[in-house]
Amino acid sequence: MNGYIKLNKNEAYVSIPVKKEKTVPVKVELTGGVFSTEDAVISLTQESVKIYGEIELIDSIEKIVIPIDERTFDFRNTIRVTKYMSSLLPAGVDNVNGDVSITAVIGIPGLTKKNIYIKAGDIAVLQLEGNPQATVKSGITFCVIGFRDVIRELDSSDITASIDAAAVSVDSEGKKTAEIVFGFSDDITGVYVYGTYEVEVKN
Numbered sequence: 000m001n002g003y004i005k006l007n008k009n010e011a012y013v014s015i016p017v018k019k020e021k022t023v024p025v026k027v028e029l030t031g032g033v034f035s036t037e038d039a040v041i042s043l044t045q046e047s048v049k050i051y052g053e054i055e056l057i058d059s060i061e062k063i064v065i066p067i068d069e070r071t072f073d074f075r076n077t078i079r080v081t082k083y084m085s086s087l088l089p090a091g092v093d094n095v096n097g098d099v100s101i102t103a104v105i106g107i108p109g110l111t112k113k114n115i116y117i118k119a120g121d122i123a124v125l126q127l128e129g130n131p132q133a134t135v136k137s138g139i140t141f142c143v144i145g146f147r148d149v150i151r152e153l154d155s156s157d158i159t160a161s162i163d164a165a166a167v168s169v170d171s172e173g174k175k176t177a178e179i180v181f182g183f184s185d186d187i188t189g190v191y192v193y194g195t196y197e198v199e200v201k202n
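Take the sequence shown: its position 115, counting from 1, is numbered 114 in numbering that gives the first Met the number 0, and each next residue is one higher.
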């Protein structure tokens, strides 16, 4: 007899399950806009996960995504990223496999680095009219990472640098600094500034 149908002398009851299991693949997505997963060599401790939950919610899930912002890593070396499964699943979805975490090992072949110096006068200062004027006191050397053929030809003329005068920080000794925002010419791809950089400013 069908387990979802219950009979008595006068009535029949039909029970419809509202939850289901489903196996979905696990995928890494590079979110920094510098590289694609086609550029990378990726291995996972699990290629798929069996999930369980409300039918409508489970049907809406096609894959489990591990997001990686490649700009936050030195991808000249292979990296390992471990995520707790609970952080990757929506509320109301259970991990049937029972594994607490999943690890992605990611490498991007053919990368190298270059240190580039940019002069103080080439760092733009964004400031609103009427606000205190800010001036960058000195230039800075920063690290860029990218494909060898791009890095080989790259120099400071391909890069923009700016600070926001409204976002100047002052430490306990009165030293004023601002974080630099970098950009690349439209034709430059496959390269990024690694790390965060600040310059000292004066009013």
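Idealized CB from N, CA, C, for every residue including glycine. In this text the structure is predicted, and so the values were computed from the model without any measurement.
Figure out for me which residue from Gly109, Tyr196 and Val99 has the closest Cα to the Cα of Ala177.
In the sequence shown, residue 177 corresponds to position 178, counting from 1. In terms of CA proximity to Ala177, Tyr196 leads the group Gly109, Tyr196 and Val99.
Is Gly189 near Val149, with beta carbons less than 8 Å apart?
Here residue 189 refers to the residue found at position 190 of the sequence shown. Here residue 149 refers to the residue found at position 150 of the sequence shown. Closer than 8 Å, so yes.
Relative to the C-alpha of Leu153, which residue among Ile187, Ile78 and Gly182 is closest?
Numbered from its first residue, the sequence shown carries residue 153 at position 154. It is Ile187 whose Cα lies nearest to the Cα of Leu153.
Taking the continuous beta strand (DSSP E) assigned at Arg79, which residues delimit it?
Stepping through the sequence shown from its first residue, residue 79 is reached at position 80. Annotation for Arg79: the continuous beta strand (DSSP E) segment containing it runs Ile78 to Tyr83.
Since Glu115 and Phe141 are thought to touch, with beta carbons under 8 Å apart, how far apart are those beta carbons, to the nearest angstrom?
On the sequence shown, residue 115 is found 116 positions in, with the first residue counted as 1. On the sequence shown, residue 141 is found 142 positions in, with the first residue counted as 1. The question names Glu, yet the displayed sequence has Ile at residue 115. Rounded, the Cβ-Cβ distance is 6 Å, consistent with contact.
Selected residue, minimal CA-CA separation from Ile179, among Glu172, Ser171, Gly173 and Tyr193:
Sequence index remark: in the sequence shown, residue 179 carries index 180 (1-based). Residue Tyr193 is the option with its Cα nearest to Ile179.
Per DSSP, Ala160 forms a beta bridge with which residues?
As a position in the sequence shown, residue 160 is number 161, starting the count at 1. Ala160 is bridged to Ile122 and Phe181.
Entirely enclosed alpha helix (DSSP H) segments - the stretch 12-78, minimum 4 residues:
Complete alpha helix (DSSP H) runs here, min 4: 54-58.
Residue(s) in a DSSP beta bridge with Val192:
Stepping through the sequence shown from its first residue, residue 192 is reached at position 193. In DSSP, Val192 forms a bridge with Val143.
With a threshold of 8 Å, are at least 3 pairs of Cβ atoms found where one atom belongs to the stretch 19-36 and the other to the stretch 56-64?
In short, these stretches touch, since the Cβ pair count reaches three.
Need the endpoints of the beta strand (DSSP E) that Asn96 sits in, please.
Counted from its first residue, the sequence shown places residue 96 at position 97. Taken as a continuous stretch (DSSP letters only), Asn96 belongs to no beta strand (DSSP E), as it is neither H nor E.
Comparing the C-beta of Glu61 with each C-beta of chain B, is any distance below 8 Å?
Among the chains in the structure shown there is no chain B, since it carries only a single protein chain.
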